[in-house]
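If you're matching positions, the sequence shown starts at 17 in this note's numbering and goes up one per residue.
Quick reminder that beta carbons are idealized off the backbone N, C-alpha and C, glycines included.
Here the structure is a predicted model, which is why all the values come from computation and not from measurement.
One structure is given below, encoded as structure tokens.
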Amino acid sequence: MTTVTRGKAAILLIVEDDREMRNLLCDEFWSAEYQLRQAKDGDEAFRMVLQSVPDLILTDLRMPAGGADYISRLRTIAPRCPIIVMTAFGDAATKAAVQQAGANAYFDKPVRIADLKLCAQQLLNHERT
């Protein structure tokens with residue numbers, strides 16, 4: 017578990033088992049002035065959300081303790097927290113399952129960082145209104 021703080025911005029939990037991708041996402045969202053937390057798998061993310069619900073969760077899907085059940089578990093403990101899911105192994109059935117589980121947005125990898133940032137901002141703005 018790592019927490020990186022910068023200013024008083026929205027708290028974003030980044031969940032990604034690939035260290036390089038996790039670092040890239042943290043670098044990109046750091047520049048967007050979010051308070052960042054990061055987890056390397058679904059279990060670590062779940063424990064972190066139990067302790068303190070972030071303003072938004074950006075998560076990989078196919079990782080240890082991941083999948084649609086993981087999204088459902090997150091949704092039960094953080095019913096109002098927006099969840100953005102990314103996966104390199106998606107298809108229409110995966111997308112439907114993830115949305116049914118409670119994800120607010122779904123992206124296939126490779127994903128454009130600008131699209132993730134825009135989606136995150138839109139979800140946060142919607143949540144605050």
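Grouping DSSP H, G and I as helix and E and B as strand, with all else coil, what is residue i?
i, result
"residue 65", "helix"
"residue 86", "helix"
"residue 127", "coil"
"residue 43", "helix"
"residue 52", "strand"
"residue 19", "Residue placement at residue 19 is poorly supported in this model, since its pLDDT is 45, which falls under 50; the coordinates are not used for a value here."
"residue 29", "strand"
"residue 140", "helix"
"residue 76", "strand"
"residue 103", "strand"
"residue 119", "coil"
"residue 57", "coil"
"residue 135", "helix"
"residue 81", "coil"
"residue 91", "helix"
Restricting to Cα atoms, I'd like to know which of the options is closest to residue i.
i, options, result
"residue 76", "142, 132, 141", "132"
"residue 101", "63, 86, 121, 34", "121"
"residue 137", "91, 74, 106, 114", "74"
"residue 99", "62, 25, 47", "62"
"residue 90", "105, 68, 109, 128", "68"
"residue 130", "32, 105, 25, 43", "43"
"residue 114", "85, 72, 135, 134", "85"
"residue 31", "83, 25, 139", "83"
"residue 78", "95, 59, 71", "59"
When burial is assigned at 16 or more other CB atoms within 10 Å of the CB, is residue i buried or exposed?
i, result
"residue 28", "buried"
"residue 45", "buried"
"residue 70", "buried"
Say yes only if the C-beta of residue i is nearer than 7 Å to one or more non-hydrogen atoms of the ligand FAD, and no if none qualify.
i, result
"residue 126", "The ligand FAD is not among the ligands present in this structure, which contains no ligands whatsoever."
Would you please state the rounded distance, in angstroms, between the beta carbons of residue i and residue j? I believe it to be under 8 Å.
i, j, result
"residue 65", "residue 93", "6 Å"
"residue 134", "residue 72", "The Cβ separation is near 13 Å, so there is no contact."
- Touch check for the segment 110-125 and the segment 51-58: three-plus C-beta pairs under 8 Å? Because the criterion of three Cβ pairs below 8 Å is not met, the segment 110-125 and the segment 51-58 do not touch.
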